[in-house]
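Below is one structure, written out as structure tokens, with a few remarks after it.
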Amino acid sequence: MSKKHHAQPPEKLTGIQLKEVPKSAVGIKAIKSALSHIKDEVGIIKGITLLKNINQKNGFDCPGCAWPDPDAKRAFLAEYCENGAKAIAEEATKNKVSPLFFATHTIEEISKLSDYEIGKSGRITHPMYLPEGKDNYEEISWEAAFKMIGKELNSLNSPDEAIFYTSGRTSNEAAFLYQLFVRQFGTNNLPDCSNMCHESSGVALSETLGIGKGSVTLEDFNHADLVIVIGQNPGTNHPRMLTALNETKTHGGKIVTINPLPEVGLINYKDPQNPLKWIGKGQDLTDVFLQVKINGDVALLKIILKLMKEQEDLKPGSVFNHQFIKEKTAGIEDLLIDLENYSIDDLIPQTGLSLDQIKEAAKLIINNEKIIICWAMGLTQHKNAVDNIREIVNILLLKGSIGKKGAGTCPVRGHSNVQGDRTMGIWEKPPTSFLDSLENEFNFKAPRKHGFDVVEAIEAMHQKKAKVFFGMGGNFISATPDTEFTADALRNCNLTVQVSTKLNRSHLITGKKALILPCLGRSEKDLQSSGEQFITVENSMGVVHQSHGHLEPCSNKLLSEPAIVAGLANATLNNATTKWSKLVSNYDFIRDKIEATIPGFENFNERVRVKGGFYLPNNARENNFQPTSTGKANFTLNKPSEIKLEDNQFMMMTIRTHDQYNTTIYGLNDRYRGVLNERRIIFMNADDMYNLGIQKLDLVDLTSHFKGEIREAKGFLAVPYKIPNQCTATYFPETNVLVPLKSKADISNTPASKTVIITIKKR
Ligand SMILES: Nc1nc2c(c(=O)[nH]1)N[C@H]1C(S)=C(S)[C@@H](COP(=O)(O)OP(=O)(O)OC[C@H]3O[C@@H](n4cnc5c(=O)[nH]c(N)nc54)[C@H](O)[C@@H]3O)O[C@H]1N2
Ligand SMILES: Nc1nc2c(c(=O)[nH]1)N[C@H]1C(S)=C(S)[C@@H](COP(=O)(O)OP(=O)(O)OC[C@H]3O[C@@H](n4cnc5c(=O)[nH]c(N)nc54)[C@H](O)[C@@H]3O)O[C@H]1N2
Ligand SMILES: [Mo]
């Protein structure tokens, strides 16, 4: 095993300030915050050019989130948000991590820094190599790096001993080439960040509706009677979604929010693109707020289903859409019988709500037909996460609220191209039809055995069944659960390779040997032998469009991700029939191959050149559920949470602050929750604090409990907050050490990082 550098951020506190929780999100403060990040990281002149180009039809796709851009009108002040601006500032930063930086800083030294400090060191400028037994990275040529990887891969006993991870920023072109290379090498070991993110949504939606993606378009928000936002914090993570919710309200629709926290962004909002609205009261968004307990959602949704049925029984035809149910769905009888097994009285305590509150929301569902339900990690990262999402689908199906204007499913994706990566075949469980078509087009035998997902990959490395880890983007050590276990897993590898833009902890927790391959970012020009290239991405609503970088690359040693894959393939595969270098010379050639192998990409090169891009086919949107097992939309039977807390135990959800992008820490504030300059905090209910004798800002240690195992994280400040009792919240990655690898969602295998059972001890 290689040397043990620090896998977790240091325990050091940074000087907390608590402020009142703001009453409104976005507005002038958001603009000020965006400009200050841009000014500090990039400089003002370059910064303005950058902001002008984000999400414009001839500009580049914001690397922030996957929220779609309007089809027609783009905002006058440019289509970005505060957090998009921060994402850009982070990528276009003036700071550089050069070979000199690595020569003068040991890995041990860097690993003692916080993730905030590591990230601020800047963009990586050269390919770097960490030889076995050394503690400093050294410069290496691209050629030597590729050769080393090729040699290591070819010396494995089986291709299944290598793992090829992907994070969701990778373009369609890079992702397609990458999975092709991995399958030609001979494995389906293609875990990706999706395994920790919306995998539960994909599983639930495929089973019930025959497509793993959402069904609505942005336009639908203008027509919805009711939008339900459950388990999601768009004010921070998808700020441009607030504009869509505002449209719903302007058109007379209502909004129900279901969340253990009263997230400000959902309560009230001031349009950043309309300076006249920066002052004054702002727009109230949420009509009904249900402050559910963590993991109380199935119980809550079941009560709503029961209330719907009660009303339908009283006045048949007044609630359910019988024509839709009869023509389009299967399994309603079983659902209605199963509902009888539950009583509202038994379910209520799990929700932490009163029946009257729930009735208010149920009434809106009962009385309206065009309903959109949006969700994110608050639903997908639990043991019964798939049940959460199937229960949502049950409600929509009873109402016939799918496949029509103003209605449908809206899983709000995270990374800007995570959905596209899956479409391109970044999947450890590829469908047979996809592999068949790869084989036909590229004349090779594709492996058929399913590969490892993220959790299985960690287990395999820990058991030394996998020996090479390759990361196409992302920050595996900090994003994954069970930090110390995962660190040991990575240390067991012979070689770990990270394709990255910025320095992160995954460069420090390595195998015996390690490589860093620096790549171009979204905002940078991508020059290949035939000239400047653009890439394509797919947003959360299935629109495929171009992204074109405008900045000079931060170093002349960077390669694009497609070029890195080609280098890798040329150095690894013998007798390759695929002309990798030719494909990379002009990305149109890659797009031709995508068109030839993946349905929905007809005339890809032509259609993607039309400004704004094109929609991929979506059977659920078209009201066709043929692809499911029954050929119809399926009702399902779902179970409420089975977690029983002991009196001294708490449920902990690990969430994002307003100043982070997953493991990239932009700053130390969580402005919308009134916490400044500190990340090591735990939000607690004030009564719970009183009962434990804990006062505001007392220092506490956390212990997680799972099947007799314990894990510890020390040194967190207790912050009283409006959160249901026995519920707590902390920030990841600091508390990932408490998330047991084996605590994961049924079927989707997603780490249950929103239901960590902990005890809290005052220092
Ligand atoms: N600025 C910024 N943007 C981002 C990201 C980022 O880190 N920063 N990350 C991107 C990625 S990859 C993703 S996946 C998305 C994540 O977007 P979100 O899912 O919004 O992110 P989280 O911070 O995980 O927040 C989860 C929300 O669910 C609530 N919640 C937790 N547990 C439960 C529960 O049991 N029931 C209910 N009803 N609610 C619950 C929490 O209170 C919180 O409001 O954002 C993307 N966009
Ligand atoms: N406890 C807990 N854990 C979680 C979550 C949670 O809610 N709670 N959320 C989970 C979720 S939803 C997700 S999606 C994962 C995220 O997991 P990852 O996708 O692995 O992590 P990121 O932090 O998004 O990756 C950031 C790194 O990507 C690199 N990068 C940025 N841009 C580019 C680029 O254009 N190309 C390349 N090659 N590299 C680039 C930079 O070096 C940066 O350091 O984390 C998961 N982990
Ligand atoms: Mo995500």
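Residue numbers (full-length UniProt numbering): 1 to 763.
Ideal Cβ positions, reconstructed from N, Cα and C, are used throughout, including at glycine.
As the structure is a prediction and not an experimental result, all values here were calculated from the model.
Please list, in chain order, all residues of the same chain as residue i whose beta carbon is under 6 Å from its beta carbon, the five residues on each side excluded.
i	result
L300	V292, T351
I140	P127, Y129
G122	T93, N95, K96, V97
N368	D225, L226
F76	Summary for F76: the model assigns pLDDT 45, below 50, so the residue's position carries little reliability; its value from the coordinates is reported in the next sentence. So the list is empty, once near-sequence residues are dropped.
D659	Y666, G667, N669
A571	F146, K147, G150
I694	A718, K762
C81	P239, R240
Please name the residue in the options whose C-alpha comes closest to that of residue i.
i	options	result
A479	D40, L702, D160, Y731	Y731
P131	N662, L190, G511	G511
I48	P70, A92, H5	A92
S401	I665, T664, V319	V319
E333	N623, L637, N154	L637
G59	N172, S155, K525	K525
G715	R680, S748, M653, G693	R680
L209	A457, F625, A466	F625
N417	F164, A174, I477	A174
E606	Q546, Q311, T577	Q546
P720	V739, K707, V700, E709	V700
T664	D421, L527, S114, A745	S114
M424	R591, A745, I389	R591
T236	G119, P562, A34	A34
E360	M308, L558, K579	M308
N662	G168, F164, K29	G168
I535	L558, I516, F589	F589
K429	A566, Q179, G612, T654	Q179
Looking at residue i and ligand 3, is the gap between the Cβ and the nearest heavy atom below 7 Å?
i	result
C193	yes
C197	yes
H415	yes
Closer than 7 Å to a non-hydrogen atom of ligand 1 - does that hold for the CB of residue i?
i	result
L51	no
L245	no
H322	no
D297	yes
G473	no
N619	no
E258	One point to set straight first is that residue 258 is Ile, not Glu, in the sequence displayed. Answer for I258: yes, Cβ within range of ligand 1.
V455	no
N384	no
Among the residues of its own chain, which have a CB less than 7 Å from the CB of residue i, if the five just before and after it don't count?
i	result
H462	F485, D488, A489, N492
L435	A446, R448
N725	N685, D687, D688
R183	L438, A446, P447
N394	L305, L335, F635, T636
N575	none
Y269	S24, A25, V26, L242, N246, G282, Q283, L285
Leaving out five residues before and five after residue i in sequence, what residues of the same chain have Cβ atoms less than 8 Å from its Cβ?
i	result
N603	E595
I643	N295, K383, M651, T755, I757
Q357	V288, L290
L153	P159, A162, F185, V468, T572
Following a CB-centred definition, is residue i positioned closer than 7 Å to any heavy atom of ligand 2?
i	result
S500	yes
C519	yes
T664	yes
A479	yes
S704	no
V412	no
M377	yes
Stretch-stretch touch, CB-based, cutoff 8 Å, three pairs: the segment 192-205 with the segment 224-244: no
Below 8 Å, can you find three or more Cβ-Cβ pairs linking the segment 314-328 to the segment 250-264? no
Between the segment 417-437 and the segment 79-89, do three or more beta carbon pairs fall short of 8 Å? no
Can at least three beta-carbon pairs, one atom from the segment 279-290 and one from the segment 251-261, be found at a separation below 8 Å? yes
Validate contact between the segment 451-460 and the segment 96-115 using beta carbons, cut 8 Å, 3 pairs: no
Would you check if the segment 9-27 and the segment 670-677 touch, i.e. whether three or more CB-CB distances between them fall below 8 Å? yes
At least three beta-carbon pairs within less than 8 Å, the segment 496-513 to the segment 525-539: no
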